[in-house]
Amino acid sequence: MNSTNLNQIKILVVEDDPITTYIILSNLKTLGIEQIDSVENGLMALEYLKTQKPDLILLDLNMPIMDGFEFLKAKKRKKICPRTSVAILTSSIRPNDQKKASKFKNVIKYLEKPINMDSMSQILFKILKDKSHLQSSKTLTQT
Numbered sequence: 001m002n003s004t005n006l007n008q009i010k011i012l013v014v015e016d017d018p019i020t021t022y023i024i025l026s027n028l029k030t031l032g033i034e035q036i037d038s039v040e041n042g043l044m045a046l047e048y049l050k051t052q053k054p055d056l057i058l059l060d061l062n063m064p065i066m067d068g069f070e071f072l073k074a075k076k077r078k079k080i081c082p083r084t085s086v087a088i089l090t091s092s093i094r095p096n097d098q099k100k101a102s103k104f105k106n107v108i109k110y111l112e113k114p115i116n117m118d119s120m121s122q123i124l125f126k127i128l129k130d131k132s133h134l135q136s137s138k139t140l141t142q143t
């Protein structure tokens, strides 16, 4: 898999800080991601997920209106996009937050800001691999 395949991944960035959002979007575009949307809080993310199905959600924990944990609970309770992976992006260094995040089955990674692009690349290639595997499985069951 090369980086040109990364343009198959659709990502939602849930982050309230415009500068952090800009940096994340710029870095994702540099990696070859073309399908990126962003919202400012968990409530906006839930609205977005009513009509869109991203492959990955990059989620900040500390946001106004609805924080990351409230979003994860609502997403789980409402069974919205149950197969969508979530990577936590946070400035929180509280060990309890990482433990709490790990209890959500779709949370695949907990990253502290500033984001290391090598870690981000690993997540993206894992998502791409999982997506390719899922599409192969669908093709096999349809034939």
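Per UniProt numbering, residue 1 is the first one in the sequence shown, and the count goes up by one each step.
Ideal Cβ placement from N, Cα and C applies to all residues, glycine included.
Every value quoted in this text rests on a predicted model; they were computed, and no experiment measured them.
Exposure of residue i, with buried meaning 16 or more beta-carbon neighbours within 10 Å
i: residue 117; result: exposed
i: residue 22; result: exposed
i: residue 75; result: buried
i: residue 51; result: exposed
i: residue 41; result: buried
i: residue 132; result: exposed
i: residue 140; result: A caution first: residue 140 carries a pLDDT of 48, below 50, which makes its placement in the model unreliable, though a value can still be read off. Per the 10 Å Cβ criterion, exposed.
i: residue 91; result: exposed
Distance between beta carbons of residue j and residue i, contact taken as under 8 Å
i: residue 104; j: residue 86; result: 7 Å
i: residue 127; j: residue 109; result: About 10 Å separates the two Cβ atoms, so there is no contact after all.
i: residue 100; j: residue 54; result: Going by Cβ atoms, the distance from residue 100 to residue 54 rounds to 22 Å, so no, they are not a contact pair.
i: residue 58; j: residue 107; result: Rounded, the Cβ-Cβ distance is 11 Å, inconsistent with contact.
For residue j and residue i, the rounded distance between their alpha carbons
i: residue 71; j: residue 44; result: 10 Å
i: residue 29; j: residue 19; result: 15 Å
i: residue 8; j: residue 33; result: 8 Å
i: residue 84; j: residue 60; result: 16 Å
Sheet register partners of residue i (DSSP bridge)
i: residue 110; result: 88
i: residue 10; result: 35
i: residue 57; result: 12, 86
Contact with chain C by residue i, beta-carbon distance below 8 Å
i: residue 38; result: Although the question refers to chain C, the structure presented lacks it and comprises just one protein chain.
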